[in-house]
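Below is one structure, written out as structure tokens; comments come after it.
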DNA sequence: AGCAAACCAATTGTCTAACAAGTACACATG
DNA sequence: CATGTGTACTTGTTAGACAATTGGTTTGCT
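Protein chains in written order, with the working numbering: chain A, 267 to 496; chain H, 267 to 496.
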């Protein structure tokens, strides 16, 4: 069905489209993606489809063993915890750095403005600007490696999000308010407070995601959420 | 020259051998690696060589633009700073966690014992157990994502090391002593102290590496070397 | 002679076709 | 019912070929 695409690289174009389809939920978890199927649906050769698949496997969006068909990754609650812990490690340190220089990234401000702008629409609409907000903070550090690491984490988060269709659990107003507070703390140079708020922000998102995925909340679910009012 | 190799995957075998040759310094920075050359030297088909190259490009060991020959990555001082900053972000938080649980990884103890054992030999010999020490700490956390991130950083560090042949700047005894101190601080549950010592440990290694690389002729040789002040 | 444009060799991107090897599931058999 | 076998499907790898791009070289014009 997907028509022939051509861009800078056919492999990249195919991988990019598959990525979108995975994030949109069109391709669900554990769905099989054979090389020949992809090759025929995009009207490309099998090696091209193979390369695109391997790209996504390297990104963690697909999984496959030797001589086995690639499948959309099925991330469990423990994976979500790993991902969010890694996010917290990177992002909290970045916040301390930004606060030390009182650097408020313009892109992050804009991203949060976009979140505030969307009052309605599908619940998944908040995912993109939310990820953009956090990515903007990371990118403001100007560290290529850290940005790349964070990108891979964001990709996995989006994969998790696509699994959870009942996203009324995403409180857009709360997300926007906490982002705003983060920016203010950075501007005030209060790095420790910003890092602490971020930990709560990510921790709550993580627990809601784990809960929505049907996973049992872990033993460390007892974070006092009342701290957020602050 | 390189004889035919066969393992679980030919692509992985070729990539693995190239990796060793890069780390050993046999393949120097900016050296061109054409697909046909690799294919003929390993007696594999060109697509296989291509896949191996792309694997190493994804790892950051090789770089290449579209339609251009792959080359061994040439990391400058700013890359070294990025890499070591990322290492510090991840590893210092991991140390705090390990100290909180008073978890002293047996593999790290063994790795440091190996460093103590080698009193002589080529200066590059200390690189492997040193990296193993740090990787053991990270792996003890049991977080798959963080371990993978750290692996990519280690690979780039080893690439830098291979560029610096005059490694008398590596003080084996000092490295071993600081590692020992780190383990003791973890055992004592003093996470903050361990994190602080690690920052110094990594900071010193970074500055030595930058200084050693700065003396050589690099593309960014014209920037004031006084920035490296130690 | 000097500079610019066209040409050419080398390399990569992609495709087609094919065979080998491994996996998974159904089927037959004890 | 359990177990072994076999067959279809899928992936791993190869060979050869052609298009597209890059970079250097050569040619042509002033």
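The beta-carbon is built from N, C-alpha and C at its ideal position, and this holds for glycine as well.
Starting from the C-beta of residue 449/H, find all residues in its chain whose C-beta is less than 6 Å away, skip the five residues before and the five after it, and write them out in chain order. Only 370 meet the Cβ criterion.
Contact list for residue 359/A against chain H, beta-carbon separation under 7 Å: The contacting residues are 355.
Assign residue 467/A to one of two classes, buried (16 or more other C-beta atoms within 10 Å of its C-beta) or exposed (fewer than that). Per the 10 Å Cβ criterion, buried.
Determine, using beta carbons only, whether residue 353/A and residue 423/A come nearer to each other than 9 Å. Yes.
What are the residues of the segment 269-297 of chain A that lie near chain H, defined by any Cβ-Cβ distance shorter than 8 Å? When C-beta distances to chain H are compared with 8 Å, the residues of the segment 269-297 of chain A below that value are 274 and 275, in chain order.
Exposed or buried, residue 408/A, counting other C-beta atoms within 10 Å across all chains shown (16 or more means buried)? The residue is exposed, with fewer than 16 neighbouring Cβ atoms inside 10 Å.
With 9 Å set as the bound, which would you pick, yes or no: does the beta-carbon of residue 324/A sit closer than that to a beta-carbon of chain H? Yes, residue 324/A lies at the interface with chain H (some Cβ there is under 9 Å from its Cβ).
With a threshold of 9 Å between beta carbons, is residue 458/A in contact with chain H? Chain H, which has no Cβ nearer than 9 Å to the Cβ of residue 458/A, makes this no.
Once you ignore the five residues that flank residue 488/A on each side, which residues in its own chain have a CB closer than 8 Å to its CB? Any reading at residue 488/A must be qualified, since the residue scores a pLDDT of 37, below 50, and its modelled position is unreliable; no value is offered.
Residue 377/A: buried (16+ other C-beta within 10 angstroms of its C-beta) or exposed? Its Cβ being crowded by 16 or more others within 10 Å, residue 377/A is buried.
Go to residue 462/A, then tell me how far its alpha helix (DSSP H) extends in each direction, as first and last residue. Per DSSP, the unbroken alpha helix (DSSP H) holding residue 462/A starts and ends at 457-478.
Counting pairs of Cβ atoms below 8 Å between the segment 436-444 of chain H and the segment 383-401 of chain H, do you hit three or more? Contact holds: three or more Cβ-Cβ distances are below 8 Å.
May I ask you to list, following chain order, the residues of the segment 408-421 of chain H that have a beta carbon less than 9 Å from some beta carbon of chain A? Residues 408, 409, 410, 411, 412, 414, 415, 418 and 419.
Assuming residue 338/H is part of the beta strand (DSSP E), what are its boundary residues? Per DSSP, residue 338/H is one residue of the beta strand (DSSP E) stretching across 336-338.
Does any residue of chain A bring its CB to less than 9 Å from the CB of residue 352/H? Under the 9 Å criterion on CB atoms, residue 352/H is classed as interfacial with respect to chain A.
Is there a C-beta anywhere in chain H that falls below 9 Å from the one on residue 428/A? No - not a single Cβ of chain H is within 9 Å of the one on residue 428/A.
Run through chain A and tell me which residues come within less than 8 Å of residue 313/H, C-beta to C-beta. The CB of residue 313/H comes closer than 8 Å to the CB of 313 in chain A, given here in chain order.
Cut-off 7 Å between Cβ atoms - residues of its own chain near residue 461/A, not counting five sequence neighbours on either side: Apart from sequence neighbours up to five positions away, the residues of its chain that approach residue 461/A with a beta-carbon distance below 7 Å are 358, 361 and 362, ordered along the chain.
Own chain, CB closer than 7 Å to residue 484/H, minus 5 neighbours either side, in chain order: Caution is warranted here: a pLDDT of 40 is assigned to residue 484/H, below 50, making its placement in the model unreliable, and the coordinate value is therefore given only provisionally. Once the five neighbours on either side are set aside, the close Cβ partners of residue 484/H are 342.
Pairwise C-alpha distance: residue 282/H and residue 270/H: For residue 270/H, the predicted structure reports a pLDDT of 35, less than 50, and the residue's modelled location is therefore unreliable. The matter cannot be settled from this model.
Within 10 Å of its beta-carbon, does residue 311/A have 16 or more other beta-carbons around it, so buried, or fewer, so exposed? Classification for residue 311/A: exposed.
Exposed or buried, residue 301/A, counting other C-beta atoms within 10 Å across all chains shown (16 or more means buried)? With 16 or more neighbouring CB atoms inside 10 Å of its own CB, residue 301/A falls in the buried class.
Using a beta-carbon distance cut-off of less than 8 Å, what residues from the segment 328-346 of chain A approach chain H? Listed by position along the chain: 332 and 345.
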